[in-house]
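S.K.: To start, I am sharing the structure in question, which I have written as structure tokens.
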Amino acid sequence: MTSTSSLPGLAAPAGEPPLIARGGARFWRVNFALFLGSFATFAVLYCVQPLMPGFASGFSISPAAASLSLSAATGVLAVAMAFAGTVSDVLGRKAVMTASLAAAAATTLAAGFSPDWTTLIALRALTGLALSGVPAVAMAYLAEEMDRSAIGLAMGLYIAGNTLGGMAGRLGSAAVADVGGWRAAFGIVGLVSLGCACVFAFALPRERRLPPKTRPAALLPAIRMHFSDPGLRYLFALGFLLMGVMVTTYNYIGFRLAQPPFSLSQSAIGFVFSIYLVGAVSSAVMGELAGRYGRRRVIGVAIVLMPIGALLTLPESLALTIFGVGVLTAGFFGGHSIASSWVGLRAETAKAQASALYLFFYYAGSTLAGSFGGWVYARNGWPGVAAFVGALSVLALLVAMKLARVPPPAHLRAS
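Read in order, the letters of the sequence shown correspond to residues 635 to 1049 in our numbering.
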């Protein structure tokens, strides 16, 4: 039986450290550190997206092959995160996240010296392995340390760091590549990420509410337990679909904008990724609304924006295309911030493993849908990609409607 100390939103028994309340100094210190960690994670992960057209021409490869610069990282990341939570149970949440950020910065710096495409892809795969110790562990840290009334805003701020990091990585790498080439782009992103890792190590308080040590042999029972919960199954499916839509859109929008009638330069295409600022606002706002009006209501509102955004990208109008990508981006980050915080609340025990499973499907969606989108683009151009992401968005909305009808587990009803 789970003790009351493990239940989000309940006061800790005598002798246990209190949950972090919203608005205090420790609340903002934790959120500042995790914001920097998520910023560095997503800058490193997604800095390659605006470089893909340049990879395709420079290495004489197809758009689908160029997308391996991202898919290799997210594919390894998806698998490795299944074990990251268990490792952090043993070594500590902060220690694992700090080491992961430093290692990812190192592999990114090394990627700038790649002699060929194969070496670059191998280093990107190692980057994915290094980053596996951040996302799921950060989600578990928040679920364990934050009061239930604070976790919606905290997760929204964490996702905002994802948003700004992804935007800065894309925008910065495109601008630097226009001047100094892709090698210089990797160097700048790697150095910035290394700086974030150093500040993170000093700023993040060590976890106080230590989880029970999880033996590796206990991983499979934990996975079976989480899959026995229909609510968590739907949340895992949402992670796959939402990320599949987002990565497919951003992988191939650069190819479309580089061609007539738009014919944008690489730096101009990179500037388009400033649309990610919409996601920074959306994740925080949707997280706050979900805490106020209920996750079941707000997540559907967020997801319905995604197929609308896909439709708006179809006319050959630059303004409308950018607006459509912005609408889709707002829907994605709103839906993801709600779903990711919901996982930590719904899982009664083994929260790190539940978060890791959500992110496994999240990055599996990035890898599989992102790569398949290249095949669709090669055969049907951007209209085919828009139809593909629109169909995934509608499927995500249907899953969210199913999720809304699943009753909360007993520990949340009791709280």
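All C-beta atoms, glycine included, are put in the ideal place defined by N, C-alpha and C.
(1) Can you tell me where the alpha helix (DSSP H) holding F689 begins and where it ends?
(2) Quick check for students: name the residue ranges of the alpha helix (DSSP H) that lie wholly in the region 673 to 735, counting only runs of 4 or more.
(3) Relative to the C-alpha of Y775, which candidate in A729, L763, W751 has its C-alpha closest?
(4) Report the CB separation of M715 from A990 in whole angstroms; it is logged as a contact under 8 Å.
(5) Please give me, in chain order, every unbroken run of the beta strand (DSSP E) with length at least 3 that falls completely inside the region 791 to 856.
(6) Count the other CB atoms within 10 Å of the CB of G692; is the residue buried (16 or more) or exposed (fewer)?
(7) By the three-class DSSP mapping on this structure, what secondary structure does Q987 have?
(8) Within a Cβ cutoff of 7 Å, which residues of the same chain sit near T797, ignoring the five residues on either side of it in sequence?
(9) At a cut of 8 Å, does the region 878 to 896 reach the region 682 to 700 through at least three beta carbon pairs?
(10) Do the CB positions of T947 and V959 come within less than 8 Å of each other?
(11) State buried or exposed for S696, treating a residue as buried only when at least 16 other CB atoms are found within 10 Å of its CB.
(12) Mind checking whether P895 and E841 have CB atoms under 8 Å apart?
(13) Only counting the same chain, and skipping five residues up and downstream in sequence, which positions put a Cβ closer than 7 Å to that of V1023?
(14) Are G824 and E922 closer than 8 Å when you measure CB to CB?
(15) Using a Cβ distance threshold of 8 Å, determine whether the region 734 to 746 contacts the region 764 to 774, with at least three qualifying pairs required.
(16) Would DSSP call S748 helix, strand or coil?
(17) Which stretch, first to last residue, makes up the alpha helix (DSSP H) that contains L872?
(18) Determine contact between the region 792 to 807 and the region 819 to 835, defined as no fewer than three beta-carbon pairs at a distance below 8 Å.
(19) May I ask you to report which of helix, strand or coil DSSP gives R1039?
(20) Would you say L1037 and G806 are within 8 Å of each other, going by their C-beta atoms?
(21) Under three-state DSSP, which class holds V1033?
(22) With the cut-off set at 8 Å, would you say V833 and L670 are in Cβ contact?
(23) Relative to the C-alpha of V1028, which residue among R1013, G965, V977 is closest?
(24) By the three-class DSSP mapping on this structure, what secondary structure does F967 have?
(25) Whose C-beta lies closer than 6 Å to the C-beta of M877 among residues of the same chain, with five residues either side of it excluded?
(26) Which first and last residues belong to the alpha helix (DSSP H) in which P949 is found?
(27) Can the beta-carbon of G904 be found less than 8 Å from the beta-carbon of A809?
(28) For the region 906 to 955, which segments carrying the alpha helix (DSSP H) assignment without a break, of at least 4 residues, lie completely within its bounds, in sequence order?
(29) May I have the straight-line CA-CA distance separating G753 from A1020, to the nearest angstrom?
(30) Give me the Cβ distance between T732 and A831, rounded to the nearest whole Å; I'm assuming they're in contact under 8 Å.
(31) Is V664 helix, strand or coil by DSSP?
(32) What separation, rounded to the nearest whole angstrom, lies between the Cα atoms of S908 and R817?
(33) I think R926 touches I972, with their Cβ atoms under 8 Å apart; what is that distance to the nearest whole Å?
(34) For G790, is the classification buried or exposed, using 16 other Cβ atoms within 10 angstroms of its Cβ as the cut-off for buried?
(35) When the distance is taken between beta carbons, is G978 closer than 8 Å to A777?
M.R.: Taking the coordinates as given:
(1) Position 55 of the sequence shown, counted from the first residue, corresponds to residue 689. Run containing F689: 686 to 692, per the alpha helix (DSSP H) assignment.
(2) 686 to 692, 697 to 700, 702 to 725
(3) Reading the sequence shown from its first residue, position 141 is the one you call residue 775. For Y775, the nearest C-alpha among the options comes from A729.
(4) Taking the first residue of the sequence shown as position 1, residue 715 is located at position 81. Taking the first residue of the sequence shown as position 1, residue 990 is located at position 356. 5 Å between Cβ atoms; contact.
(5) none
(6) To locate residue 692, count along the sequence shown from 1; it is residue 58. Label assigned to G692: exposed.
(7) Locating residue 987 in the sequence shown gives position 353, where the first residue counts as 1. Three-state DSSP puts Q987 in a helix.
(8) Here residue 797 refers to the residue found at position 163 of the sequence shown. So the list reads Y910, G913, A914, S917, F967, once near-sequence residues are dropped.
(9) yes
(10) Locating residue 947 in the sequence shown gives position 313, counting from the first residue. Locating residue 959 in the sequence shown gives position 325, counting from the first residue. It is a contact, given that the beta carbons lie within the stated cut-off.
(11) By one-based count along the sequence shown, residue 696 stands at place 62. S696 is exposed by the Cβ-count criterion.
(12) Counting from 1 along the sequence shown, the entry for residue 895 is found at position 261. Counting from 1 along the sequence shown, the entry for residue 841 is found at position 207. For P895 and E841, no; Cβs fall outside 8 Å.
(13) Within the sequence shown, numbered from 1, the residue matching residue 1023 stands at position 389. V879, T882, T883, A944, listed in sequence order.
(14) If you number the sequence shown from 1, residue 824 lands on position 190. If you number the sequence shown from 1, residue 922 lands on position 288. No, the Cβ-Cβ distance between G824 and E922 is not below 8 Å.
(15) yes
(16) For the purposes of this step, residue 748 is taken as the residue at position 114 of the sequence shown. S748: coil per DSSP, three-state reduction.
(17) Here residue 872 is taken as the residue at index 238 of the sequence shown, counted from 1. 864 to 892 is the span of the alpha helix (DSSP H), which, as asked, contains L872.
(18) yes
(19) Within the sequence shown, numbered from 1, the residue matching residue 1039 stands at position 405. It is coil, neither helix nor strand.
(20) Here residue 1037 refers to the residue found at position 403 of the sequence shown. Here residue 806 refers to the residue found at position 172 of the sequence shown. No, they are not a contact pair.
(21) For this step, residue 1033 is matched to residue 399 along the sequence shown. Helix.
(22) Counted from its first residue, the sequence shown places residue 833 at position 199. Counted from its first residue, the sequence shown places residue 670 at position 36. Yes; because the gap between Cβ atoms is below 8 Å, this pair is in contact.
(23) For this step, residue 1028 is matched to residue 394 along the sequence shown. Answer by Cα proximity: G965.
(24) Sequence index remark: in the sequence shown, residue 967 carries index 333 (1-based). Residue state, collapsed to three classes: helix.
(25) Here residue 877 is taken as the residue at index 243 of the sequence shown, counted from 1. These residues qualify, in order along the chain: Y996, G999, S1000.
(26) Your numbering for residue 949 matches position 315 in the sequence shown. Where P949 is concerned, there is no enclosing alpha helix (DSSP H), given that its DSSP letter is neither H nor E.
(27) Here the question's residue 904 lines up with position 270 in the sequence shown. Here the question's residue 809 lines up with position 175 in the sequence shown. Yes, Cβ-Cβ distance for G904 and A809 is below 8 Å.
(28) 910 to 927, 929 to 946
(29) For the purposes of this step, residue 753 is taken as residue 119 along the sequence shown, with counting starting at 1. For the purposes of this step, residue 1020 is taken as residue 386 along the sequence shown, with counting starting at 1. Per the sequence shown, the amino acid found at residue 753 is Thr instead of Gly. Answer to the nearest angstrom: the Cα atoms are 32 Å apart.
(30) The residue you call residue 732 lines up with position 98 of the sequence shown. The residue you call residue 831 lines up with position 197 of the sequence shown. Contact holds; Cβ gap of about 7 Å.
(31) The sequence position of residue 664 within the sequence shown is 30, counting from 1. V664 falls in the helix class under three-state DSSP.
(32) Taking the sequence shown and counting its residues from 1, the one referred to as residue 908 is at position 274. Taking the sequence shown and counting its residues from 1, the one referred to as residue 817 is at position 183. Rounded to the nearest angstrom, the two C-alpha atoms are 22 Å apart.
(33) Position 292 of the sequence shown holds residue 926. Position 338 of the sequence shown holds residue 972. Wrong, their Cβ atoms sit about 12 Å apart, outside the cutoff.
(34) Reading the sequence shown from its first residue, position 156 is the one you call residue 790. The residue in question, G790, is buried, as its Cβ has 16 or more Cβ neighbours within 10 Å.
(35) The sequence position of residue 777 within the sequence shown is 143, counting from 1. The sequence position of residue 978 within the sequence shown is 344, counting from 1. Against a cut-off of 8 Å, the Cβ pair of G978 and A777 comes out as a contact.
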